[in-house]
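Single-structure report; data block below.
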Amino acid sequence: EAGVAQSPRYKIIEKRQSVAFWCNPISGHATLYWYQQILGQGPKLLIQFQNNGVVDDSQLPKDRFSAERLKGVDSTLKIQPAKLEDSAVYLCASTDLAGSYNEQFFGPGTRLTVL
Amino acid sequence: GEDVEQSLFLSVREGDSSVINCTYTDSSSTYLYWYKQEPGAGLQLLTYIFSNMDMKQDQRLTVLLNKKDKHLSLRIADTQTGDSAIYFCAESRYNFNKFYFGSGTKLNVKP
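As they're listed, the protein sequences go chains A and B.
Position in the first sequence (from 1) plus 966 gives the number in the numbering used here.
Position in the second sequence (from 1) plus 41 gives the number in the numbering used here.
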């Protein structure tokens, strides 16, 4: 089966600019996660979707970050305006929650550099 | 991942065993996982253990879980240069809905 797809793979922007990331989860996976991974740290959950509804966005900086998952399939994560501290890898993961151990499948990530 | 802690680095020689350790704080964790991340790639699940188990073996991988001390370890037997990567410990809570990751242990395997 095809894995989780993300684009772009790399993005360089200047602070105060806007940026958007796209994720296409594995077909049939109802749950989608966006994580932020700062260099030298583990992934930190930003937002979790179940189909097209938000399950958890408690750690999403809502003044500048937004995310949507229209039709419960693809998802986009937007940052507007970007700050220097947003430089990180943004990982998308999906799971069907039907498995016995709930494996998350990760995409390759988008590496964002804010100058 | 402030609730999940790992040592930052581990260096071993090819053919030796590697042991990567992790401590967690939430006793309600249901599953505990080990993920591997190679440069420029996303995380890949290596193995997992259910919270009511003490040990799980999968080929060269052995996972040990000490629930009393909230300590998880991953042992890689006969470590190869291809095992060089960052290894993340993770736990799931609240009916699998929330995942918490450690900061990762960078394993360096010397030929």
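For glycine and all other residues, C-beta sits at the position ideal for the given N, C-alpha and C.
Predicted, not measured: the structure shown is a model, and the values here were computed from it.
By the rule that beta-carbons nearer than 9 Å mark a contact, residue 1008 (chain A) touches chain B. Setting aside the 5 residues that flank it on each side, residue 1015 (chain A) is surrounded in the same chain by 998, 1035, each with a C-beta closer than 6 Å to its C-beta; the list follows chain order. Taken in chain order, the members of the segment 1005-1038 of chain A whose beta-carbon sits within less than 8 Å of a beta-carbon on chain B are 1006, 1007, 1008, 1009, 1010, 1011, 1014, 1021, 1022. When B:70, B:85, B:142 are compared, the shortest CA-CA separation from residue 124 (chain B) is found for B:85. Contact between residue 47 (chain B) and residue 126 (chain B) fails: their C-beta atoms lie close to 13 Å from each other, not under 8 Å. For residue 122 (chain B), the closest C-alpha among the options B:45, B:152, B:65 is that of B:152.
Annotation for residue 1038 (chain A): no beta strand (DSSP E) segment contains it, and DSSP assigns it neither H nor E. With a beta-carbon spacing of about 7 Å, residue 988 (chain A) and residue 972 (chain A) fall inside the 8 Å limit used to define contacts.
For the segment 85-107 of chain B, the residues whose beta carbon sits under 8 Å from a beta carbon of chain A are, in order, 85, 86, 89, 91. At a beta-carbon threshold of 9 Å, the residues of chain A lying near residue 144 (chain B) are 1006, 1007, 1008, ordered along the chain. Nearest CB-CB separation between residue 1068 (chain A) and chain B: below the 9 Å threshold.
DSSP places residue 67 (chain B) in the coil class of the three-state scheme, outside both helix and strand. The Cβ of residue 111 (chain B) sits no closer than 9 Å to any Cβ of chain A. Among the residues facing chain B, residue 1080 (chain A) is not included, as its CB has no counterpart in that chain under 9 Å away. Taking 9 Å as the threshold, the shortest C-beta distance from residue 53 (chain B) to chain A does not fall below it. Annotation: the continuous beta strand (DSSP E) that includes residue 96 (chain B) extends over 96-99. By the Cβ criterion, the segment 975-991 of chain A is not in contact with the segment 56-71 of chain B, since fewer than three pairs of Cβ atoms, one from each stretch, lie closer than 8 Å. Within the model, the alpha-carbon separation for residue 993 (chain A) versus residue 968 (chain A) is close to 8 Å.
If you draw a 10 Å sphere on the C-beta of residue 976 (chain A), you find fewer than 16 other C-beta atoms in it, and that means exposed. Annotated three-state conformation of residue 1022 (chain A) is strand, per DSSP. Pairwise C-beta distances place the segment 1045-1061 of chain A in contact with the segment 1022-1030 of chain A, as three or more of them are shorter than 8 Å. Any Cβ of chain B closer than 9 Å to the Cβ of residue 1074 (chain A) would place that residue at the interface, and such an atom is present.
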